[in-house]
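S.K.: This is the structure, below, for whatever I ask next.
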Amino acid sequence: MHRKTITELAEALHQKECSCLELTRYFLDRINRYNPALNAFITITEKEALEAAQEADRAFQQGTAKKLTGIPIAHKDLFCTKGVKTSCASKMLDNFIAPYDATVVSKLNHAGTISLGKTNMDEFAMGASNENSFYGPVKNPWDLTRVPGGSSGGSAAAVAAHLIPAATGTDTGGSIRQPAALTNTTGIKPTYGRVSRFGIIAFASSLDQAGLLTQTAEDAALLLTEMAGFDSYDSTTVEEAAPDFTKTLNNSIHGLKIGLPQECFPEHLDPKIKTVIDQALRQLESQGAIIQEIKLPHVMMGIPAYYIIAPAECSSNLARYDGIRYGYRCKGPVDLQDLYERSRAEAFGDEVKHRILIGTYVLSSGYYDAYYIQAQKIRRLIKNDFVKAFQSVDAILTPTSPTTAFKLGSKSKDRVNMYTSDIFTVPVNLAGLPSISIPAGFVDQLPVGLQLIGNYFDESRILNVAHRFQQATDWHRQIPKNFE
Amino acid sequence: MTELAQKDERRDKNEHCGQIFNASDRCSHISSTNWETIIGLEVHTQLLTQSKLFSGSATAYGADVNTQAGIIDLAMPGVLPVLNQEAVTMAIKFGLAIHGHIARRSIFARKNYFYPDLPKGYQITQHELPIISDGYLDIALDDKNTKRIHITRAHLEEDSGKSLHEAVRGMTGIDLNRAGIALIEIVSAPDLRSAEEAVAYLKALHTLVRYLGISDGNMQEGSFRCDVNVSVKPKDSDQLGTRTETKNLNSFRFVEHAIQSEVARQIKILESGGKIIQETLAFDSVKNETRPLREKEESHDYRYFPEPDLLPLVITEETIESIQKALPELPAEKFNRFIAQYHLSAYDAHFLTADHDTANYFESVIHAEAIDPKLAANWMMGELSAALNNENLSIIQSAISAEHLAQLLKRIQDNTISGAIAKTVFEAMWHQEGTADVIIEKKGLKQITDTSEIDTMIDEVIAANPEELAAYRSGKTKLLGFFVGLVMQRSKGKANPQQVNQLLIKKL
Amino acid sequence: MTPDEIKKLARLARLKITDEEIEKYTDINAILQLVKEIMQEKDTSTVEPLCHPLELEQRLRPDIVTESNQRDYLQERASLANYSLYLVPQVIPPNTKNK
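As you go down the protein sequences, you meet chains A, B and C in turn. Counting from 575, one number per residue, gives the positions in the first sequence under the numbering used here. Counting from 88, one number per residue, gives the positions in the second sequence under the numbering used here. Counting from 4, one number per residue, gives the positions in the third sequence under the numbering used here.
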């Protein structure tokens, strides 16, 4: 059952091969059995899920079931879920019961999916290894001594180990795509503004975008069609209606032009990873895609610009955590300053504090122009590179991550090294483009992902290419040993 | 000690300032010959929107604490701002009214600082590109002269909540009902040269926002608050002095007194060889003095940056045109029209146009019954104004409607009653005894215009005062008034005084 | 940044950092230095900063009250509230508040 995709599970439910309650119980059992080894979930909402499953079964009996009614999913623990703890993997929100549902959560509820729980992540989505969680690191199901990537590491590990058919994630600099690559899952980050950010605990507002971790591009298309669209509560969502992303999945890619940015295939790129990507390229060529080299001259300045802009926005976004209206409050503050300083120092982890300090520094007077404004100028140069590139190609292909999953603890002491994990994903967030990471093969039994970047609001195209690739390959069907 | 001595020294020179408030003792006219005062005002006006600037929470004043603070106002994790259309329209109205530049593209910024009544840890405001810039307001210095005060900028921003320092013992309580209410902050150029000018400007601004219907201007409730920047410099110097900012003044009188005491304080320091420190002050209205606000330990660094949750606000020509078309007549326009159309004095016109409701009332009176504008103006500035002040009412709360006042004045115009009787009728109307006609009828106050009736009364009065009659006839014509008075008394005030005059002269 | 400057920065950000912890944060210098060096390679004097990936316009919301009073439900999340007020240590004496 757990090997089925959402498309297959939905068909099973509609064919009455199993009930929603049975399906929910099945996945809850898997979660309860395997989660202790993976630490992929922070909260398992068993009671709520079973109630929702019974409700879904009634919908089937009454003939009001929708396509996705009864499909179990999980939410990254920064989507606000009404009445359920929403911690952002931080001590700061360990006691926080969200008073409302994020727009994405209500849309997916409305579509009939059932949430089985909240997945682990890097605290406040800051990290690339999932080691920065108040609830402890998540393990990679392909090798429990390795990281699953981050920040959506819990969602990625849960989907990779088939504890859940799909999970939501967010991606600020690669937080969906990099863990997808490291866990052999499919991870999509839509165009900035395609999916509402309302109810998603903010890290960096101009970069954050919600997306999905799934087994297949087809599942991603199914769920994204339900998630996407205008939200009157988010000024940055676009008003145009989102298409049905499933409609174009099977389009031919014959004659499709795929650009390879030279900058993303540097000489020092791991040759084994390069070999995997080359094989994938040949596969796409065999379906008629035309591969051509392109230039993105400023793309390698993405990491520095990102590590200015994201901390700047985060230092401001996280100012609301003061222990007054919700969240952690220190014991016995002697005065207001003490209340602020200790509540925040005691409840934020090291990485969060680091980024708040960097962000505070780059926005402060005297440094603003040299850092923040310069970073926003670099950002425009990077966007312009992509805009120019899309005048001659339909999609851009790069490795998702420069490495496969690394050992727990191996990079946690070296921030600069850790930050380069997102070198190929970060420029996409700076430009606000849609992008998907799909399984492309293995190096030393560890998954390798390839990243397809689409033009603005052209998620259909990258889903189409990803789907055609997955129709012709079975990398995405590989399941880690011990979780079969 | 020195302060007391100075007070005594100045007291006699400052009597015209009044003795009630300490500030008058420090008017410092003594030094004003050598020093020039430079004043700029920052005014925060709450906009009369139904909902908040970035959320759908209610904005009613006086609601129970924290009942108008929803998830967005409380800065719950994950919430986002969406801009209120009406607030933008109101800001544009203001911009047009001050002949300002309306930015076709303006942006919102975050002003970062920690304070318990600022739930997000930043205030959403406008920094580099405000919606309004480069406007002006003309203020009347006296009946003849006006002065143009430049308005550097006006921008949209959200209000903070309230800290209640005495609500709970040893703790400060936070009420976030006010958090997120739409404000425009209006920043004047340092064009003002005295407390009087500052107050005149503030009053003109207050009148304007009420005319435009964008703010109720209620200063007690905090919907119209003022920060004052003051510096002084030697008159012959081109170099500006160091300025101080006195925060959060919520009455015209406090603004006046705060400026006066701050100017006096600065001059005193400078004259004794000291230096002014650039600092933020609070005005103690009891002690009538400015004093430093306890500053946060580190210097302010608001770390402004463009608000990433909001996009640039773009305003089209069509929007501006349609708002322009719907703009009401502005105070200055109305003032000029009242003088031209109704032949009123500048003084009368100023009184009648000082607030929108008064002007409307006035025009309703004269149009209801074709009343002489001067007569209506006199009654509104006299009886009506006194009655309203007496009960601390605004004109819209008046016990006598414009239509009813018009009926009363009509009866003066058509000689049904005299002006003196009209005051009695007004009094009765104020106490809800009926309309003018009903009261005149009921109380039999109709003016006596029948000549024979008046003749009879004159004859009786003459007969009863033979000595005065003789004196009059021997040349003491001043006694005419004495006879008029007696006849009026006998008629219980109902005789037409002009008629009495004429008939008496004939008989005497 | 010297340790003192880091502490000053931490105060601005309202984060208590003890003397023993300062060491942990000194790598901020290296990160800032690296980032600045790479970014300064490019002459950007003619480039406009980009604040939003999509250069769209702000949408406006009709002026309608859509939120109802949820005070008690929301205040369940506060560690310290009384008389329906959120409570903090006494800020400053009455009559001198400037907010």
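Even for Gly, the Cβ is constructed at its ideal location relative to N, Cα and C. What you are looking at is a predicted structure, and each value in this text was computed from that prediction instead of being measured.
Residues of the region 950-961 of chain A with a CB closer than 7 Å to any CB of chain D: list them in chain order, please.
M.R.: Structure shown: chain D not included; protein chains present are A, B and C.
S.K.: Could you give the first and the last residue of the continuous beta strand (DSSP E) run that contains C/Pro-52?
M.R.: It is not in any beta strand (DSSP E) - C/Pro-52 carries neither H nor E in the DSSP assignment.
S.K.: Can you name, in chain order, every residue of its own chain whose Cβ lies under 6 Å from the Cβ of A/Gly-1006, other than the five neighbours on each side?
M.R.: Tyr-766
S.K.: So is C/Leu-88 in contact with chain B if we call contact Cβ pairs under 9 Å?
M.R.: With 9 Å as the cut-off, C/Leu-88 counts as an interface residue toward chain B.
S.K.: Residues in the same chain with beta-carbon distance under 7 Å from A/Ile-851, minus the five sequence neighbours each way, listed in chain order, please.
M.R.: Pro-973, Ala-1014, Leu-1024
S.K.: Closer than 9 Å, CB to CB, is B/Ile-218 near chain A or not?
M.R.: At a cut-off of 9 Å between C-beta atoms, B/Ile-218 does not count as an interface residue with respect to chain A.
S.K.: Please classify B/Leu-135: is it buried, with 16 or more other beta-carbons within 10 angstroms of its beta-carbon, or exposed?
M.R.: buried
S.K.: At a CB-CB cut-off below 9 Å, which residues of chain C make contact with A/Met-875?
M.R.: Correct list: Ile-41, Met-42, Glu-44, Lys-45.
S.K.: Between the region 795-823 of chain A and chain B, which residues of the former have CB atoms less than 8 Å from a CB of the latter, in chain order?
M.R.: Ser-806, Tyr-807, Asp-808, Ser-809, Thr-810
S.K.: Are the CB atoms of A/Ile-883 and A/Leu-1026 nearer to each other than 9 Å?
M.R.: no
S.K.: Residues of chain C with CB closer than 7 Å to the CB of A/Ala-879, please, in chain order.
M.R.: Within chain C, the residues near A/Ala-879 are Met-42.
S.K.: Between which two residues does the beta strand (DSSP E) holding A/Phe-960 run?
M.R.: Element bounds for A/Phe-960: not the beta strand (DSSP E) but the alpha helix (DSSP H), 948-963.
S.K.: Hey, how far is the Cα of A/Asn-1029 from the Cα of A/Pro-817?
M.R.: 15 Å
S.K.: Quick check: B/Ile-226 and B/Ile-407, are their CB atoms within less than 9 Å of each other?
M.R.: no
S.K.: Which runs of the alpha helix (DSSP H), 4 residues or longer, sit entirely within the region 736-764 of chain A?
M.R.: 751-757
S.K.: Tell me the residue span of the beta strand (DSSP E) that contains A/Thr-788.
M.R.: 783-788
S.K.: Mapping the DSSP letters down to three states, classify A/Thr-799 as helix, strand or coil.
M.R.: helix
S.K.: Express the C-alpha separation of B/Lys-497 and B/Tyr-298 in angstroms, rounding to a whole number.
M.R.: Taking the straight line from one Cα to the other gives about 29 Å.
S.K.: Excluding sequence positions up to five away, which residues of its chain have a Cβ less than 7 Å from the Cβ of B/Phe-370?
M.R.: Thr-333, Leu-336, Phe-341, Ala-345, Thr-377
S.K.: Can you grab the Cα-Cα spacing for the pair A/Ala-639 / A/Leu-587, in whole Å?
M.R.: 10 Å
S.K.: Going by beta carbon distance, what residues of the same chain come within less than 6 Å of B/Gly-257, once the five residues before and after it are set aside?
M.R.: No residues qualify anywhere along the chain.
S.K.: Going by CA-CA distance only, name the one from A/His-842, A/Ile-947, A/Ser-826 that's closest to B/Tyr-599.
M.R.: Since the displayed chain B opens at 88 and closes at 595, residue 599 of chain B lies outside it and no answer follows.
S.K.: To which residues of the same chain is B/Gly-580 closer than 6 Å at the C-beta, ignoring the five residues directly before and after it?
M.R.: Ala-507, Ile-508
S.K.: Give the interface partners of B/Ser-142 over in chain C, defined as CB-CB distance under 7 Å, in chain order.
M.R.: Going along chain C in sequence order, the residues near B/Ser-142 (Cβ under 7 Å) are Glu-70.
S.K.: Please report whether the beta-carbon of B/Ala-162 lies at a distance below 9 Å from any beta-carbon of chain A.
M.R.: yes
S.K.: Run through DSSP, which three-state label would A/Asp-924 get?
M.R.: helix
S.K.: Indicate the three-state DSSP secondary structure (helix, strand or coil) for A/Pro-646 in the structure shown.
M.R.: strand
S.K.: Which value, in whole angstroms, describes the spacing of the CA atoms of A/Asn-706 and B/Ala-291?
M.R.: 58 Å
S.K.: I'd like to know whether the C-beta of A/Pro-973 is nearer than 9 Å to at least one C-beta of chain B.
M.R.: At a cut-off of 9 Å between beta-carbon atoms, A/Pro-973 makes no contact with chain B.
S.K.: I need the boundaries of the beta strand (DSSP E) containing B/Pro-168, first residue and last residue.
M.R.: No beta strand (DSSP E) holds B/Pro-168; DSSP gives it neither H nor E.
S.K.: Quick check on this structure: which residue in A/Ala-732, A/Ala-735, A/Thr-810, A/Ala-741 has the alpha carbon closest to the alpha carbon of A/Phe-772?
M.R.: A/Thr-810
S.K.: Taking 9 Å as the threshold (beta carbon to beta carbon), is B/Val-401 in contact with chain A?
M.R.: no
S.K.: Looking only at its own chain, which residues have a Cβ that is under 7 Å from the Cβ of A/Ser-593, when we skip the five neighbours before and after it?
M.R.: These residues qualify, in order along the chain: Asp-631.
S.K.: Take every Cβ of the region 162-182 of chain B, pair it with every Cβ of the region 799-808 of chain A, and state whether three or more of those distances are shorter than 8 Å.
M.R.: The region 799-808 of chain A and the region 162-182 of chain B touch, with three or more beta-carbon pairs separated by less than 8 Å.
S.K.: Could you check the C-alpha separation between C/Glu-58 and A/Leu-955 for me, to the nearest Å?
M.R.: 14 Å
S.K.: Taking the alpha helix (DSSP H) that A/Pro-711 falls in, what are its first and last residues?
M.R.: Counting along the chain, A/Pro-711 falls outside any alpha helix (DSSP H), and DSSP gives it neither H nor E.
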